[in-house]
Amino acid sequence: MSDRLIGKAGKRGDLIKRARGDTPFTDDLALPRMLHGKTLRCPHPHARIVSIDTSKALEIPGVIAVLTGRDLPERFGIIPWTPDEHALAIETARFVGDGVAAVAALDERTAVRGCDAIKVLYEVLPSAVDLDSAITRPEIGLSAKKDDNVSKAVDLAFGDVDGELAGSDVVLDGDYFFEGTAHVPIEPHCTLAQYDASGLLTVWSTTQVPHYLHRELSRVLRLSPTRIRVIQPPLGGAFGGKSEPFGHEFTAAKLAMVTGRPVKFLISREEEFYLHRGRHPMRLHFRLGAKSDGTLTAIDARNQIDGGAYSSFGLVTTYYSGQLLSLPTAARSYRFSSTRYFTNKPACGPKRGHGSVQPRFAFEVMLDRMAEKLKLDPIALRRKNAVGGNTHTINGMRVTSNGNLECLAKVEEASGWKERRGKLGFGRGLGVASSAYISGTNYPIYPNEMAQSSVQLKVDRSGVVTVFNGASEIGQGTDMLMATIVADELGLPLEAIRVVSADSDLCPVDLGAYSSRGTFMNGNACLTAARLVKEKLIAAVAAKLEVPETSVFVTRGALCVRGREGDAVPVEEAIQLAEAKFGALGAVGSYKTPPNLGGEYRGGTIGASPAYSFTAHVAEVKVDVETGVVEVVKVWCAHDCGKALLPTQVIGQIDGSVYMGVAEALFEEHLISPNGLHRGPNLLDYRIPTSLDVPQIHSMFVESLDPEGPHGAKEAGEGPLHSSIPAVANAIYDAVGVRLHALPFSPGRVLEALRQRKA
Amino acid sequence: MLPLPEFTLHSPRTIDEALGLLAKPGAMIIAGGTDLLPNMKQGLHQPEHVVSLQHLAELRAIRVEQKVLVLGAMTSLAEVAEHEDVRKYATALAEAAGTVGGPHHRRMGTLGGNLCLDTRCRYYNQSQFWRSALGFCLKKDGEVCHVVEGGKKCVAAASNDTAAAAIALEAVLVIRGAQGVRRVAAGEFFVADGARNIAIARDELLVALEVPRVAKRVSAYEKLRRRGAIDFPLLSVAVRLDGSAVEVVVSALAAKPRRINGAQKLAATQVEAIAEAAARECNPMPNIDGDVAWRKQMVRVMVKRALVRAIGAAQPST
Ligand SMILES: Cc1cc2nc3c(=O)[nH]c(=O)nc-3n(C[C@H](O)[C@H](O)[C@H](O)COP(=O)(O)OP(=O)(O)OC[C@H]3O[C@@H](n4cnc5c(N)ncnc54)[C@H](O)[C@@H]3O)c2cc1C
Ligand code: SF4
Numbered sequence: 081m082s083d084r085l086i087g088k089a090g091k092r093g094d095l096i097k098r099a100r101g102d103t104p105f106t107d108d109l110a111l112p113r114m115l116h117g118k119t120l121r122c123p124h125p126h127a128r129i130v131s132i133d134t135s136k137a138l139e140i141p142g143v144i145a146v147l148t149g150r151d152l153p154e155r156f157g158i159i160p161w162t163p164d165e166h167a168l169a170i171e172t173a174r175f176v177g178d179g180v181a182a183v184a185a186l187d188e189r190t191a192v193r194g195c196d197a198i199k200v201l202y203e204v205l206p207s208a209v210d211l212d213s214a215i216t217r218p219e220i221g222l223s224a225k226k227d228d229n230v231s232k233a234v235d236l237a238f239g240d241v242d243g244e245l246a247g248s249d250v251v252l253d254g255d256y257f258f259e260g261t262a263h264v265p266i267e268p269h270c271t272l273a274q275y276d277a278s279g280l281l282t283v284w285s286t287t288q289v290p291h292y293l294h295r296e297l298s299r300v301l302r303l304s305p306t307r308i309r310v311i312q313p314p315l316g317g318a319f320g321g322k323s324e325p326f327g328h329e330f331t332a333a334k335l336a337m338v339t340g341r342p343v344k345f346l347i348s349r350e351e352e353f354y355l356h357r358g359r360h361p362m363r364l365h366f367r368l369g370a371k372s373d374g375t376l377t378a379i380d381a382r383n384q385i386d387g388g389a390y391s392s393f394g395l396v397t398t399y400y401s402g403q404l405l406s407l408p409t410a411a412r413s414y415r416f417s418s419t420r421y422f423t424n425k426p427a428c429g430p431k432r433g434h435g436s437v438q439p440r441f442a443f444e445v446m447l448d449r450m451a452e453k454l455k456l457d458p459i460a461l462r463r464k465n466a467v468g469g470n471t472h473t474i475n476g477m478r479v480t481s482n483g484n485l486e487c488l489a490k491v492e493e494a495s496g497w498k499e500r501r502g503k504l505g506f507g508r509g510l511g512v513a514s515s516a517y518i519s520g521t522n523y524p525i526y527p528n529e530m531a532q533s534s535v536q537l538k539v540d541r542s543g544v545v546t547v548f549n550g551a552s553e554i555g556q557g558t559d560m561l562m563a564t565i566v567a568d569e570l571g572l573p574l575e576a577i578r579v580v581s582a583d584s585d586l587c588p589v590d591l592g593a594y595s596s597r598g599t600f601m602n603g604n605a606c607l608t609a610a611r612l613v614k615e616k617l618i619a620a621v622a623a624k625l626e627v628p629e630t631s632v633f634v635t636r637g638a639l640c641v642r643g644r645e646g647d648a649v650p651v652e653e654a655i656q657l658a659e660a661k662f663g664a665l666g667a668v669g670s671y672k673t674p675p676n677l678g679g680e681y682r683g684g685t686i687g688a689s690p691a692y693s694f695t696a697h698v699a700e701v702k703v704d705v706e707t708g709v710v711e712v713v714k715v716w717c718a719h720d721c722g723k724a725l726l727p728t729q730v731i732g733q734i735d736g737s738v739y740m741g742v743a744e745a746l747f748e749e750h751l752i753s754p755n756g757l758h759r760g761p762n763l764l765d766y767r768i769p770t771s772l773d774v775p776q777i778h779s780m781f782v783e784s785l786d787p788e789g790p791h792g793a794k795e796a797g798e799g800p801l802h803s804s805i806p807a808v809a810n811a812i813y814d815a816v817g818v819r820l821h822a823l824p825f826s827p828g829r830v831l832e833a834l835r836q837r838k839a
Numbered sequence: 081m082l083p084l085p086e087f088t089l090h091s092p093r094t095i096d097e098a099l100g101l102l103a104k105p106g107a108m109i110i111a112g113g114t115d116l117l118p119n120m121k122q123g124l125h126q127p128e129h130v131v132s133l134q135h136l137a138e139l140r141a142i143r144v145e146q147k148v149l150v151l152g153a154m155t156s157l158a159e160v161a162e163h164e165d166v167r168k169y170a171t172a173l174a175e176a177a178g179t180v181g182g183p184h185h186r187r188m189g190t191l192g193g194n195l196c197l198d199t200r201c202r203y204y205n206q207s208q209f210w211r212s213a214l215g216f217c218l219k220k221d222g223e224v225c226h227v228v229e230g231g232k233k234c235v236a237a238a239s240n241d242t243a244a245a246a247i248a249l250e251a252v253l254v255i256r257g258a259q260g261v262r263r264v265a266a267g268e269f270f271v272a273d274g275a276r277n278i279a280i281a282r283d284e285l286l287v288a289l290e291v292p293r294v295a296k297r298v299s300a301y302e303k304l305r306r307r308g309a310i311d312f313p314l315l316s317v318a319v320r321l322d323g324s325a326v327e328v329v330v331s332a333l334a335a336k337p338r339r340i341n342g343a344q345k346l347a348a349t350q351v352e353a354i355a356e357a358a359a360r361e362c363n364p365m366p367n368i369d370g371d372v373a374w375r376k377q378m379v380r381v382m383v384k385r386a387l388v389r390a391i392g393a394a395q396p397s398t
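If you read the sequences in order, they're chains A and B. Taking the working numbering, the leading residue of the first sequence gets 81, the next gets one more, and so forth. Taking the working numbering, the leading residue of the second sequence gets 81, the next gets one more, and so forth.
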């Protein structure tokens, strides 16, 4: 269609609703007779639960029911191979904040009082609250077999790393440390559960994975999935922190079943830090080899990963910490050895750029050092070792579209790199970095042969089309994208498209909003369904006008016939013709990844994606050498999203990624004290930037038109975060000549590095 | 969410009525509530009666008198920061008020509430759960101090931005109690006890702050913080210049803001020496932020920056 909405800047109707308070978030929902739930949490980093006495709590007027772990004995976990969580701890609690009991009461205050009245007798156990103790004290026994603290170990090698290193002209070593960070969505977790008289359990929850929640609720509650409905209301941010089931989702449901009344749990900001699943702390040792002409010969990475108390997505995290190092800049050989350890801390999980942001920081800083050593421009070094399009990476991932070089060219040009780098005077500098990320994984979390994303369209004879869509709108704009795709295919105005999403009773399954899969998978499913409807409209119009179907095409508002422009049939009429001809109108579309996207080895499918996005950043910083304060003045970011279906949203995602990356570079630090207590589970102690701390952001997109993406599109939600952090690190080096090895780049660390440089 | 504990709210229309209500056991004043309410949610205070000053219009005005500037306790921080006369005669105070929290806090938060702000400590300004997990401390419900091992006195930090400025500007706090009005110099109002660092009884009311108007006096305020807003001071520095005489006050150290003795013998232009004296006399503690070494290093830098700005302002612009 010529006047497509796709590709044009436009407003998002739902954002106005959000800004005006019209969007009903989970906590805005209230039901008659609703109770409020609270979780009693363990104050010790590792403890055996000797006994729990709930009698005093039950005596409090207004406390209706109390649960302990024994009421929900089934284990769960997002990865089917590692279910190691209980809704409430049964025998041992594994971190400060682990849930041990739950109370439902008439109001929140009474629920808190109920929790306070529960007597738990603990036997405090030895604990590991950092990587070092997890590694050196296996007797703490946090692993499944209790013989060590290892959660997952992955060793993979591609090519002759030792040989290549031996034959290299330059070999560099580096040690890096990435302190964990949290997601900090504006909207905290919240769950409302209702068990009605017919025995149907309905759960409204702030989740990015309603389908997995549906499955796990069924398992843990030992209730047939046919008696469970999961609804995900619009979310106020998630960033990966809502992409697995959480204890309170089960306790809310169970309490609703026990009491026969609706029960709501609203998680406090402090509890958010205990639910966590934030970015893993990682200690990274990197070795990088090169020939004097700039050819990268080998990458040898050893990563120690601090996983926190539970497995979460840890299996995947461990792979991601190495698998994505083969793009966009690659060496002739590479290996990584990553081990994730359990510690007695809030569990880590996926945060925007799951598992790959930390190694990206280390690797891109190593590249900067290598470029300096070889007296090469850092962009030139990346160009020389760039992996092209339509190829396979050294670890066997199929790559199709690849806009990496265009991204580099764009940031080089826009930032004035050639003219300005190294010439801004002491205290000011530019740094570059680049990265790649997946557009969804090719592997569903539980093995199955079914579609990963499905969409169902219902076409009403009034001209309204409803998209029933399993995907999760978490603020990123999938609802708007689906509406736009349908509007364009059928020539309807955007206002005629309704989107109903993430309701297990109404919508077909989509696996969830994680691994940047929405645009690619859900978009393809939706496009397929819309095209099926379009074919019917065309067939009906062609029959009516007695012209061949091939001559009918869709424009905005009407179907036209080539060469007979006067014969336009309004879309609404075409719909009615089609309904008369075919009966009730609708269609389903689904998407499943093609086979053989990854390497033929154990784990080869993890990290493999139908398409990769590419990103390049240049950051400009100002360093105050008296205070050590780093100001990120401006960031240029170019991102290859295949095709910017909704350019305003793509730019929004890039802006947001840069914001989050700079936040992690300068401020964020998820610290647990040696006694296992969170350093400050609130937004004064855990600092995220205010609007005054955000750099100027110049976001650009590159359109490499992916052959398999919907209209050529790929992801834009996570990729643009990766290289922002090393770009800042490299800019600091350009500004004041110091290399920072640990995140965040706090003023104290900068001053210390400056002092060491002088000495 | 953290629920707010239950209490009875009172909205007196006169100061006398307010004083009468404050005589009730377990009564506390609420002005803007930007400090009191979060603290109550964390279980730090459990007042039975909360006495609001919102309807006491007489506490809200800023008056320019011949010798003093009178700032009502209920004046919002935003107004203190923006008011032309305050900016002129009490520059450091206006600057300090302008750095408190974010725009919402300054709109709701009052000068009186800021001057009477509870001291802060990273082991104290946490939830009931967190503090119980750690073990309660001297300031609230406990017997030990987590900052000073074996410490018998709380050293929580004065974290109000306006305190150092009020002291440097020789301001006087006007206090009403059942016995009538009393005036206390800002330098004496803040005392070295983190449990309660303000010399005002719980049944008294801060009515106003009087700042002397002195010809040719200049002042400046510098605040050390990690982000551009919504950060309590990691160091708070106010300087005042009367010709070559200089006063330097540093706060966010312990409970009592510190006047730098070494500065009083020096001329304002001896910037390095004054900064050096401040660095010698100030010892940031691990009571508020983890990076104590950095805060210690920054004393010199912040004092220097405040002085340089004040000296600049003292120069007749040509
Ligand atoms: C996120 C956040 C950030 C903040 N950042 C800063 C900051 O950077 N700098 C800073 O200084 N503060 C900061 N604050 C604290 C607070 O907002 C300010 O100090 C504000 O000035 C307090 O004023 P208020 O009127 O809201 O006080 P309230 O909360 O109403 O009262 C504070 C205390 O003073 C007492 N009180 C109030 N008025 C009187 C009176 N007239 N007489 C006697 N006692 C009285 C109250 O009983 C209470 O104990 C921050 C608060 C928050 C929540
Ligand atoms: S200084 Fe010591 S006593 Fe005072 S609040 Fe902090 S830990 Fe408690």
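Quick reminder that beta carbons are idealized off the backbone N, C-alpha and C, glycines included.
Of the candidates A:G828, A:A137 and A:G732, A:A137 places its Cα closest to the Cα of A:I198. With a threshold of 16 other beta carbon atoms within 10 Å, B:H135 falls short and is exposed. The nearest non-hydrogen atom of ligand 1 is less than 7 Å from the C-beta of B:D115. Rounded to whole angstroms, A:Q556 and A:G797 show a C-alpha spacing of 8 Å.
Close partners of B:A295 in chain A (Cβ separation under 9 Å) are lacking, with about 33 Å as the shortest Cβ gap. A:I525 carries a coil assignment under DSSP once its states are collapsed to helix, strand and coil.
Pairing B:V372 with A:D107, the inter-Cα distance amounts to about 40 Å. The stretch 385-405 of chain A and the stretch 291-303 of chain A do not touch, with fewer than three beta-carbon pairs separated by less than 8 Å. As for any alpha helix (DSSP H) of minimum length 4 sitting wholly inside the stretch 369-407 of chain A, the runs are 394-403, ordered along the chain. Chain-ordered, the chain B residues with CB closer than 8 Å to the CB of A:G708 read W374. For B:G100, the Cβ stays outside the 7 Å cut-off from all heavy atoms of ligand 1. When the five nearest sequence neighbours on each side are left out, the beta carbons in the same chain lying within less than 7 Å of the beta carbon of A:I140 are those of T190, R193, G194 and A197, in order along the chain.
The contact set of A:R121 on chain B, defined by CB atoms closer than 9 Å, consists of F209 and A213 in chain order. At a C-beta separation below 7 Å, A:S348 has these neighbours in chain B: M81 and L82. For A:D235, not one C-beta of chain B is nearer than 8 Å to its own C-beta. Within chain B, the residues whose beta carbon sits less than 9 Å from that of A:R189 are P83, L84, P85 and E86, listed in sequence order. Cβ contact annotation for A:M362 (same chain, cutoff 6 Å, sequence separation greater than five): F258, N383, I385 and Q438, in chain order.
Within chain B, the residues R306 and R307 have their CB atoms less than 8 Å from the CB of A:F747, given in chain order.
Pairwise C-beta distances place the stretch 455-468 of chain A out of contact with the stretch 813-833 of chain A, as fewer than three of them are shorter than 8 Å. Under the 10 Å beta carbon count, B:Q206 is surrounded by 16 or more other beta carbons and is classified as buried. None of the residues of the stretch 778-811 of chain A has a beta carbon lying less than 9 Å from any beta carbon of chain B. Taking 8 Å as the cut-off between beta carbons, none of the residues of the stretch 602-626 of chain A comes near chain B. Residue environment for B:T114: buried (at least 16 other C-beta atoms within 10 angstroms of its C-beta). At a cut-off of 8 Å between beta-carbon atoms, B:V227 makes no contact with chain A. Closer than 8 Å to the CB of B:F312 there is at least one CB belonging to chain A. In the DSSP assignment, A:Q288 forms no beta bridge with any residue.
Burial check for A:G340: the Cβ neighbour count within 10 Å stays below 16, so the residue is exposed. Every alpha helix (DSSP H) of 4 residues or more that sits fully in the stretch 699-767 of chain A is shown, in chain order, as 727-746.
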